[in-house]
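Reading through the structure tokens given below for one structure.
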Amino acid sequence: MTSLVRKYNVPGPRYTSYPTVPYWDQETFSLKEWKATFKASFLESNKREGISLYIHLPFCESMCTFCGCTKRITKNHSVETPYIDAVLKELALYRSFVGERPVLQQVHLGGGTPTFFSEENLARLINGIFKHADKAPQCEMSFEGHPNNTTLEHLETLASFGFKRVCYGVQDYNETVQKAINRIQPFAHVQRATDQARQAGYTSVGHDIIFGLPFQKLEHVKNTLEKTIQLFPDRIAFYSYAHVPWIKGNGQRGYDEAHLPTAEAKREQYEVGKQLLAEAGYVEIGMDHFALPTDDLYHAQQEERIHRNFMGYTASKTLVMLGLGVSAISDSWYGFAQNVKGIQEYYHLLENEILPVFRGHLLTEEDLKIRQHILNLMCHFKTSWETPSLYFDELPEVLIKLKELEADGLLIFENKGLRVTEKGKPFVRNVCLPFDLRLQRNKPETKLFSMTI
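Counting from 1 along the sequence shown, just add 3 to a position and that's the residue number in my numbering.
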């Protein structure tokens, strides 16, 4: 395994989309084309399966230095009201040109720190959403909570609207690691937040754990997971720290690469952690995700209906995902669009009745085929080109590149298809890379992606 880690530890996307954002074609994209493709997809899917809604709430009271997300650091809570007003205005603009009330199959509040907002303002946000949209009978509603500031009132307020899933960012319990990433939160805070979620009626509580953090050692990961297992969350995202200090706005500058575990040490952290989780009854779901057999995500995997998008792995798939708020990304399946990242620019565009989109991509026929292959691999660890709809001209060249991964035991070719082996699952991003024709045709000269291992 050590030699494979050294061989395959290369920069690569996490594939929450294809094409990945750095390879979006700006020349063929326009706001007019985006509105047309979004409306067409919306009308195709809204009544049949509904849509997903993601809302980005960017405010945090302090900077977590491991985070690469768009955020605004402030202790001034007067920012809550104008931001909610703007998000609701953005939803109203989409509602005005699609012609139907959206039927929401999935709602997720991400950030930033959604629980930066008071429970009263979160209630105002959700009430405002349902002035413009309807909730599907089986709508999955979830949010990301900070264990230090998520209160029982937050949980109960959101539960009253139908929220049943919450995910807490834990990362690591070691004090040295916590200081390095500026995320100080005792186990008692996580325990309280977890217990209160269950008290409020949440049926799925998740914990996010990161391996490969600065100053993190194997014993730290073991201790963190042992404590986590005591609380028995329904889902655990046990994922690799993405070191991307070149991205503007993140705080990954309080340490350097010398403070990070080596690729081999990082892989050992994962393998040991994976074993601990398996012994506790957790099942590996997709890449770096684990769930109890009682959780919806497990059932979705077993029934091969698990989906992956900009929100990560989900138990429900919709053709359309609408992203609201600064930096949020929307997905019509046939196109992507990302909102501006500056809050004042976001406000200004909405005040002028303009969708706050600053870039995007319209998928070609080849893009759509490759997108499905990568989605199959990331969700099910297998894909097939048996049907003509998934065959593309450069597939023979892709298969030649995959021969080396086959020789290393990471995948098995089957009749007009392939399957990632157990040995190959930690390398699933590497299996996807040969399919990524946009990256293969224009390999970056500067750093774009975190390492795959």
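Beta carbons are placed, not taken as given, at the ideal position from N, Cα and C, and that holds for glycine. Given the structure is predicted, the values throughout are model-derived calculations rather than measurements.
According to DSSP, residue pairing for P14 in a beta bridge involves M454. If you ignore the 5 residues before and after E267, its C-beta comes within less than 7 Å of the C-beta of T5 and V8, all in its own chain and listed in chain order. Residue ranges of uninterrupted alpha helix (DSSP H) with 4 or more members, entirely inside the stretch 146 to 174 and ordered along the chain, are 155 to 162.
Contact between R238 and G209 holds, with the beta-carbon distance rounding to 4 Å and staying under 8 Å. Residue pairing by DSSP places Y57 opposite H111 and G326 in a beta bridge. A distance below 7 Å between beta-carbons, with the five flanking residues on each side excluded, links L398 to the following residues of its chain, in chain order: W388. In terms of Cβ geometry, G276 and L228 form a close pair [threshold 9 Å]. With respect to the 9 Å criterion, P25 and R432 are not classified as neighbours on the basis of their beta carbons. Counting only residues of its own chain and dropping the five nearest sequence neighbours on each side, L56 has a CB closer than 6 Å to the CB of L107, V110 and L325.
Residue environment: P296 is assigned as exposed (fewer than 16 neighbouring CB atoms within 10 Å of its CB, all protein chains considered).
Secondary structure at K372: helix, using DSSP grouped into helix, strand and coil. The beta carbon of F190 sits closer than 7 Å to the beta carbons of Y176 and K230 from its chain, once the five residues preceding and following it are set aside; these are given in chain order. With a contact defined as Cβ atoms closer than 8 Å, E407 and L96 miss out at about 49 Å.
Secondary structure of N355 (DSSP, three-state): coil. Within a 10 Å sphere around the beta-carbon of E143 sit 16 or more other beta-carbons, which makes this residue buried. I187 and Q181 do touch by the CB rule: their CB atoms are close to 5 Å apart, below 8 Å.
By the Cβ-count criterion, F214 is buried, with 16 or more other Cβ atoms from all chains shown falling within 10 Å of its own Cβ.
In the DSSP assignment, the residues bridged to I415 are R422. For L94, the enclosing alpha helix (DSSP H) has its first and last residue at E83 to V101.
Three or more Cβ pairs closer than 8 Å define a contact, and the stretch 415 to 430 meets that threshold against the stretch 369 to 387.
When the beta-carbon positions are compared, S121 and H80 come within less than 9 Å of each other.
For P14, the closest alpha carbon among the candidates L279, S243 and G114 is that of S243.
Secondary structure of G71 (DSSP, three-state): coil. G338 carries a strand assignment under DSSP once its states are collapsed to helix, strand and coil.
V360 sits away from Q375, with the two beta carbons spaced by 9 Å or more.
Taking a C-beta distance under 9 Å as the contact criterion, M314 and G113 qualify as a contact pair. Under DSSP, the beta-bridge partners assigned to F241 are I212. For T386, the uninterrupted beta strand (DSSP E) segment begins and ends at K385 to S387.
The criterion of a C-beta distance shorter than 9 Å is satisfied by S330 and T73. The secondary-structure analysis by DSSP pairs H292 across a beta bridge with A240 and I288.
Of the residues assessed, E354 falls on the exposed side of the cut-off, its CB having fewer than 16 other CB atoms within 10 angstroms.
Here the C-alpha atom of K10 lies approximately 14 Å from the C-alpha atom of K269. Its chain contains G338 and L365 as the residues whose beta carbon lies nearer than 8 Å to that of E36, once the 5 sequence neighbours on both sides are disregarded; these appear in chain order. When the beta-carbon positions are compared, A89 and Y301 stay at least 9 Å from each other. In terms of Cβ geometry, T154 and T179 do not form a close pair [threshold 9 Å]. The beta carbon of T206 sits closer than 6 Å to the beta carbons of K167 from its chain, once the five residues preceding and following it are set aside; these are given in chain order.
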